[in-house]
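So the sequence shown is numbered by the working numbering: it starts at 288 and just counts up by one. Working notes for the structure below.
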Amino acid sequence: MTLGTIPALNLELRARAAEFARTHVAPRSAEIDQSREYPWDIVEKLAEAGFMGMSIPTEWGGKGASFLDVCLVVEEMAKACTVTARIVVEGNMGAISTIMAYGSDAQKAWASKLVLAGDKPAICITEPEAGSDATGMHTRADKRGDRWVVNGVKHWITGASVSKVHLIFARAHDERGNFLGIGGFLAERGQKGLEMTRREPTMGLCGIPEGELTFTNLEVPDDMVLRAPGGFERGFAQLINAYNSQRVGAGTVAMGIAAGALDHALAWVKEREQFGRPIAEFQGLQWMLADMGTQLTAARLMLHAAASSRGPNGSLFPDPELAAQAKIFASEASIKIVNDALQLFGARGYSRNCPVERMARDVRMFTIGGGTAQVLRTLVASKLLGWKLPQTRGEAPLAPRAAAE
Ligand SMILES: CC(C)(COP(=O)(O)OP(=O)(O)OC[C@H]1O[C@@H](n2cnc3c(N)ncnc32)[C@H](O)[C@@H]1OP(=O)(O)O)[C@@H](O)C(=O)NCCC(=O)NCCSC(=O)CCS(=O)O
Ligand SMILES: Cc1cc2nc3c(=O)[nH]c(=O)nc-3n(C[C@H](O)[C@H](O)[C@H](O)COP(=O)(O)OP(=O)(O)OC[C@H]3O[C@@H](n4cnc5c(N)ncnc54)[C@H](O)[C@@H]3O)c2cc1C
């Protein structure tokens, strides 16, 4: 892992995103939370403003924006509305960046057209029995002539029922039933055999469906298999390597929520008076604010460093270790910052009428989704030690020398 330089921030882009969030997003955020309805109106405006698919290379109609640029936009959206920020993450990172890195021209044309028009792709990895243990997935794709037949169940899929582009991780088997490895299979909403079978009643992030997707003999033509350079054998490693971009994006959403909560808290402590003085005059609260600001800056810098980094061996994606460290730190710090912001509001912070109450529910997710803080710590420890750390019972940690024997 090498810590690269963070390029100069595109301040014009950040200002444009902030203005967009202030004008179009902030006035809608409470309603989106309460209605639990996907904000199609905002999606349309995001697409018009060029925030969807901005990371797509210019030859495919995007702006060729960097992951760091995307993070600047995501933070501004997250200050106002978590759901909007997550749409921007998935409209630029995760599945779409995987397709733009590994896809055929036809796949890139298909996905970029949909995303530039506002689609937020769905990345389908988790299953009811395979969360942290993602390689233990059961969903399988069987080769049948010029197509693959996909069967299985995915769970907690963000955007289930609203996303058009689906990147489905599945165990690939050849015609004779031999296991080839885990591969990525592309499908579109409305295809026969792809349906949402349940929506999860979530604690937060309410305007975007988290759903169970069931694949029943879903037919994926061979030319819709996403072929990473190492083939099926290296399929999982290369697909999850691309996912490092979304880990940075998810951490940035958490950090942006915290930044928004801190802004609310700063305004409130100057307004609210107790003991005949603004509560901002109490040193106990000043030191809380100082810690909140310090943690926020540290999280932001780690995320920007991770977004600007690249993994080993010519990877196009953020370094896995930096991405994991940034997501661990940002998600945990942000939960604490938002909770402290809520504390500064006293009883008002516990009311559904206070935006920080929504933020506290929203931010709680980010130590879970996208790789839990515990699983990411194992990745970081593995990199620090230079060991493989298999988590399956009976498999001992493998130091490099032992691995070579
Ligand atoms: C990776 C895990 C699933 C653990 O599984 P295994 O123990 O079976 O696998 P490993 O041997 O650790 O890894 C296999 C292979 O992949 C390489 N790898 C693993 N992680 C990365 C990474 N982040 N970047 C690059 N490469 C990676 C690893 O080095 C191995 O390659 P070699 O064979 O050694 O060459 C588990 O650790 C894990 O990550 N679980 C979390 C699953 C997850 O993140 N799910 C996210 C679902 S999408 C989502 O939640 C969206 C929410 S949001 O973004 O808002
Ligand atoms: C709002 C939300 C959106 C999501 N969106 C998506 C999506 O779009 N696509 C998708 O594929 N998935 C998505 N997920 C799923 C997410 O990736 C998983 O929740 C996550 O990977 C953890 O899996 P799990 O929930 O099954 O927890 P489990 O793996 O069952 O873990 C339970 C607990 O055990 C701990 N644990 C497990 N294994 C270990 C270990 N080896 N060492 C230490 N601790 C361990 C975990 O950290 C956790 O605390 C989403 C989840 C949420 C909450």
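Backbone N, C-alpha and C define an ideal beta-carbon position, used for all residues, glycine too. All values derive from a computational prediction rather than experimental measurement.
Using 7 Å as the cut-off, classify the Cβ of Thr345 as near or not near the heavy atoms of ligand 1, replying yes or no.
Within the sequence shown, numbered from 1, the residue matching residue 345 stands at position 58. No, the Cβ of Thr345 stays beyond 7 Å of every heavy atom of ligand 1.
On the premise that Leu603 lies in contact with Arg706, defined as a C-beta separation below 8 Å, what is that separation, rounded to the nearest angstrom?
Lying outside 288 to 692, the shown extent of the chain, residue 706 is not represented and no answer is given.
Under 8 Å Cβ to Cβ from Ala552, same chain only, skipping five residues before and after it: list those, please.
For the purposes of this step, residue 552 is identified with residue 265 of the sequence shown, where counting begins at 1. Counting only Cβ-Cβ distances below 8 Å, and skipping sequence neighbours, we find Leu576, Met579, Asp627, Ala628, Leu631, Phe632 and Val643.
Near Ala304, what residues of its chain come up, given a Cβ to Cβ distance below 6 Å and the 5 sequence neighbours on each side ignored?
Within the sequence shown, numbered from 1, the residue matching residue 304 stands at position 17. Around Ala304: Val360 and Glu363.
Kindly indicate which three-state DSSP category Pro607 falls into: helix, strand or coil?
To locate residue 607, count along the sequence shown from 1; it is residue 320. DSSP places Pro607 in helix when its eight states are reduced to three.
Which runs of the alpha helix (DSSP H) spanning at least 4 residues fall entirely within the region 497 to 582, listed in chain order?
Counting whole runs of 4 or more residues, the region 497 to 582 contains the alpha helix (DSSP H) stretches 522 to 558.
Using a Cβ-Cβ cutoff of less than 8 Å, which residues in the same chain neighbour Glu331 once the five nearest sequence positions on both sides are dropped?
Along the sequence shown, one-based indexing puts residue 331 at 44. Same-chain partners within the cutoff: Gly405.
For Ser638, is the classification buried or exposed, using 16 other Cβ atoms within 10 angstroms of its Cβ as the cut-off for buried?
Translated into positions along the sequence shown, residue 638 becomes position 351. Exposed.
Output needed for Gln561: all residues of its chain with C-beta closer than 6 Å, excluding positions within five of it in sequence on either side, in chain order.
Locating residue 561 in the sequence shown gives position 274, where the first residue counts as 1. Contacts found: none.
Taking only the alpha-carbon atoms, compute the straight-line gap between Ile264 and Gly563 and give it to the nearest angstrom.
The question about residue 264 has no answer here: the residues shown for the chain are numbered 288 through 692.
Please classify Gly681: is it buried, with 16 or more other beta-carbons within 10 angstroms of its beta-carbon, or exposed?
Taking the first residue of the sequence shown as position 1, residue 681 is located at position 394. Answer is exposed; the Cβ neighbour count stays below 16.
Please report the straight-line C-alpha distance between Leu403 and Val376, rounded to a whole angstrom.
Sequence index remark: in the sequence shown, residue 403 carries index 116 (1-based). Sequence index remark: in the sequence shown, residue 376 carries index 89 (1-based). Approximately 13 Å, taken between the alpha carbons.
Tell me whether Asn297 counts as near ligand 1, meaning its Cβ is closer than 7 Å to at least one heavy atom of that ligand.
Along the sequence shown, read from residue 1 onward, the residue named residue 297 stands at position 10. Result no, Cβ not under 7 Å from ligand 1.
Does the region 605 to 618 come into contact with the region 526 to 538, if we say contact requires no fewer than three beta-carbon pairs (one atom in each stretch) closer than 8 Å?
The region 605 to 618 is in contact with the region 526 to 538.
Tell me which residue opens and which closes the beta strand (DSSP E) that Ile455 is part of.
Counting from 1 along the sequence shown, the entry for residue 455 is found at position 168. First-last of the beta strand (DSSP E) with Ile455: Val452 to His460.
Please classify Leu590: does DSSP put it in a helix, a strand, or coil?
The residue you call residue 590 lines up with position 303 of the sequence shown. In the structure shown, Leu590 sits in a helix (DSSP, three-state: H, G or I).
So, at 6 Å on beta carbons, what are the nonlocal neighbours of Ala620 in its own chain, with the 5 sequence-adjacent residues on each side left out?
Here residue 620 is taken as the residue at index 333 of the sequence shown, counted from 1. The answer, listed in chain order, is Gln582 and Ala586.
In whole angstroms, give me the CA-to-CA distance for Gly480 and Asp510.
For this step, residue 480 is matched to residue 193 along the sequence shown. For this step, residue 510 is matched to residue 223 along the sequence shown. C-alpha separation (whole angstroms): 18 Å.
Is Leu513 near Tyr389, with beta carbons less than 8 Å apart?
The count along the sequence shown starts at 1 and reaches residue 513 at position 226. The count along the sequence shown starts at 1 and reaches residue 389 at position 102. Yes, these two residues count as a Cβ contact at 8 Å.
State the DSSP-derived secondary structure class of Cys411, mapped to helix, strand or coil.
Locating residue 411 in the sequence shown gives position 124, where the first residue counts as 1. In this structure, Cys411 counts as strand in the three-state DSSP scheme.
Does Thr539 pass the burial test, meaning 16 or more other C-beta atoms within 10 Å, or should it be called exposed?
Counted from its first residue, the sequence shown places residue 539 at position 252. Buried is the call here.
Just the C-alpha distance for Ala295 and Val667, rounded to the nearest angstrom, thanks.
Looking up residue 295 in the sequence shown gives position 8. Looking up residue 667 in the sequence shown gives position 380. The alpha-carbon atoms of Ala295 and Val667 are separated by roughly 27 Å.
Please determine, among Gln678, Thr679, Glu497 and Leu467, the residue with the shortest C-alpha to C-alpha distance to Gly522.
The sequence position of residue 522 within the sequence shown is 235, counting from 1. Gly522 has its Cα closest to that of Leu467, out of Gln678, Thr679, Glu497 and Leu467.
Could you tell me whether the region 425 to 441 touches the region 390 to 399, using the rule of 3 or more Cβ pairs below 8 Å?
Contact between the region 425 to 441 and the region 390 to 399 is absent, because fewer than three Cβ pairs lie under 8 Å.
Please tell me whether, using a cut-off of 7 Å, the distance from the CB of Ala317 to the nearest non-hydrogen atom of ligand 1 is below it.
Position 30 of the sequence shown, counting from 1, holds the residue named residue 317. Because no heavy atom of ligand 1 lies under 7 Å away, the Cβ of Ala317 does not count as near it: no.
Spell out the partners DSSP gives Lys441 in its beta bridges.
Mapped onto the sequence shown, residue 441 falls at position 154. Leu500, per the DSSP bridge assignment.
Give a single yes or no on whether Pro607 has its beta carbon closer than 7 Å to a heavy atom of ligand 1.
Here the question's residue 607 lines up with position 320 in the sequence shown. It does: the Cβ of Pro607 is within 7 Å (strictly closer) of some heavy atom of ligand 1.
DSSP on Lys430, reduced to helix/strand/coil?
Taking the sequence shown and counting its residues from 1, one reaches residue 430 at position 143. In the structure shown, Lys430 sits in a strand (DSSP, three-state: E or B).
Is it right to say Glu414 is buried, meaning 16 or more other beta carbons lie within 10 angstroms of its own, or is it exposed?
Counted from its first residue, the sequence shown places residue 414 at position 127. With 16 or more Cβ atoms within 10 Å of its Cβ, Glu414 is classed as buried.
Under the rule that 16 or more other beta-carbon atoms within 10 Å means buried, what is Cys508, buried or exposed?
By 1-based counting over the sequence shown, the position of residue 508 is 221. Position check: residue 508 holds Pro in this sequence, whereas Cys was assumed. Result: exposed.
Based on the DSSP output, what are the partners of Ile469 in its beta bridges?
Here residue 469 refers to the residue found at position 182 of the sequence shown. Arg458, per the DSSP bridge assignment.
I need the boundaries of the alpha helix (DSSP H) containing Arg759, first residue and last residue.
The displayed coordinates of the chain run from 288 to 692. Any statement about residue 759 would go beyond what the structure contains.
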